[in-house]
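Chains as they are written, first to last, in our numbering: chain P, 1 to 200; chain H, 1001 to 1200. Think of the CB as a built atom: it goes at the ideal place given N, C-alpha and C, for glycine as much as any other residue. Just so you know, these numbers come straight off a predicted model, no measurement behind them. Worksheet: the structure to be examined is printed underneath.
Number of protein chains: 2
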Amino acid sequence: MSINNKPSPRIRRSPEESRSNILSAAESLLVEHGPQSLRLADVAKAAGVANATVLHHFGSIDAVQKALMERMIGDLVDSIMAIEVPADAPAAARAAGLKTLFDAFETRGAARLAAWLELTDETSRLTLVREAVQEVAQKKIANTGVPTEMAEELILLSVTLAVGVGLFGPSLSTLIGKPPERARELTLQMLLAYLQSLSA
Amino acid sequence: MSINNKPSPRIRRSPEESRSNILSAAESLLVEHGPQSLRLADVAKAAGVANATVLHHFGSIDAVQKALMERMIGDLVDSIMAIEVPADAPAAARAAGLKTLFDAFETRGAARLAAWLELTDETSRLTLVREAVQEVAQKKIANTGVPTEMAEELILLSVTLAVGVGLFGPSLSTLIGKPPERARELTLQMLLAYLQSLSA
DNA sequence: TTGTTTATTGACATTTTTGTCAGTAGTATC
DNA sequence: GATACTACTGACAAAAATGTCAATAAACAA
């Protein structure tokens, strides 16, 4: 029996492409199998490269995890910044903005990222998010006549609910026999009603 | 130089005590340093016993983690079951019940436990919680005249918010320069207002 | 073509973590 | 006491995970 030595065709990427490829693979692992699946061998395999390649680009598996946090935080910030809060803020527009916020945390791994950061005491990395939130508070809500102080608290409330629902909503809903999106629906319904009551 | 061979005084516990001691140490580690700190050597050290002792009682470090999940879930169920919802449910009593619920998730590690389960795809272990929730829904709320269907959804809403706020509330609050309990205050305030509006 | 650069890799070395085992030492019973 | 039982432990073995290094090969330039 002859062993098949296929010369294993190499793919040569630019450093940026390669890093991005590896981080994307790691992100999938994180979302699908949790943080403890971010092992060197697993990440390399998922990315379709050798272990040494991962280390060549990041130096250590720890650095991969840190870089992944940074990238996902960056994406999250982009999502937050993209939220539009019309100046006159009619109810429908406000609802759409909140829906976008909740989607940002539930689809893909933003909520899972947040849980990961929370469990590993890496919340300090969230300064970028903080700045984004405050920018939204100032530029996009302050000009509606709502005082900044209250705008910040409403954002705190909304973000807390969005990330919590994003992480736990689907599981808890199905746990008690409801469709997975039920917790989010209920939460959004309540949040909107509450915001409306504040306007009156 | 003579090496000091103190014979290292042994503590001999009953198997139950020993298991409990080890699980308590593990729980502290989980709450303070996250799931990835639940290594054999760390758990043993925190419990003040040898590595082999942990394995003697649990067989593997994995079994320790599973046992810890079970125990914390049991504690959580007890907390939920202890919630009293008076039959006539005056606003103040309802507020107290919800406060208890939120406390159950924030103090100590219930919310962190939930996040751990979520990230590791172990949500299937939550059947006990499910049963507790449904028992509360039936026995303690149904007799207030609220239909079971709605009671379950209100509990889903409350639990989702409680666990989300318990996990993320403190960090997010301090992140934007508020006292750590601010997110919980805001959430409870909204939730109570919403429940009251439903009664009208 | 020839040479330069460097992304890539397999083989190996190191470290970390987990698990095994035979012997030790508390506790209870006779 | 003496004996039995077993919780407990240190020393060691095994496995898993991370990291090193010299060689290879893809892209590009002269």
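Taking 8 Å as the threshold, the shortest C-beta distance from residue 176(P) to chain H falls below it. With at least 16 other beta carbons inside 10 angstroms of its own, residue 173(P) counts as buried. Nearest Cα to residue 1105(H) within the set 1076(H), 1059(H), 1084(H): 1076(H). Under the 8 Å criterion on CB atoms, residue 64(P) is classed as non-interfacial with respect to chain H. Excluding sequence positions up to five before and after residue 170(P), its CB lies within less than 6 Å of the CB of 180, all in the same chain and listed in chain order.
Close to residue 1134(H), with beta-carbon spacing below 8 Å, are these residues of chain P in chain order: 176. Counting along the chain, the unbroken alpha helix (DSSP H) around residue 1173(H) starts and ends at 1148-1175.
For residue 1071(H), no CB of chain P lies under 8 Å from its own CB, so it is not counted at the interface with that chain. Our two residues, residue 139(P) and residue 34(P), have alpha carbons roughly 36 Å apart in a direct line. Residue 1154(H) and residue 176(P) have their C-alpha atoms roughly 12 Å apart. Within chain P, no residue has its beta carbon less than 9 Å from that of residue 1081(H); the closest one is some 16 Å off.
Not a single CB atom of chain H sits nearer than 8 Å to the CB of residue 90(P).
Inter-residue distance for residue 31(P) and residue 1160(H) is about 20 Å (C-alpha atoms, whole angstroms). Look at residue 100(P): its C-beta is not under 8 Å from any C-beta on chain H. Between the segment 1011-1028 of chain H and the segment 1052-1060 of chain H there are three or more C-beta pairs closer than 8 Å, enough to call the two in contact. The beta carbon of residue 26(P) is closer than 8 Å to those of 38, 43, 46, 47, 64, 65, 68 in its chain, skipping five residues each way along the sequence. For residue 166(P), the number of other beta carbons within 10 angstroms of its own is at least 16, and it is reported as buried. Our two residues, residue 1109(H) and residue 1058(H), have alpha carbons roughly 22 Å apart in a direct line. Around residue 165(P), the beta-carbon contacts reaching into chain H at under 9 Å are 1160, 1161, 1164. Residue 1122(H) sits in coil when the DSSP states are folded into three classes, being neither helix nor strand. Neighbourhood of residue 1034(H) in chain P, by CB distance below 8 Å: 119, 120, 121, in chain order. Nearest neighbour of residue 119(P) by Cα position, chosen from 1028(H), 1185(H), 1183(H), 1136(H), turns out to be 1028(H).
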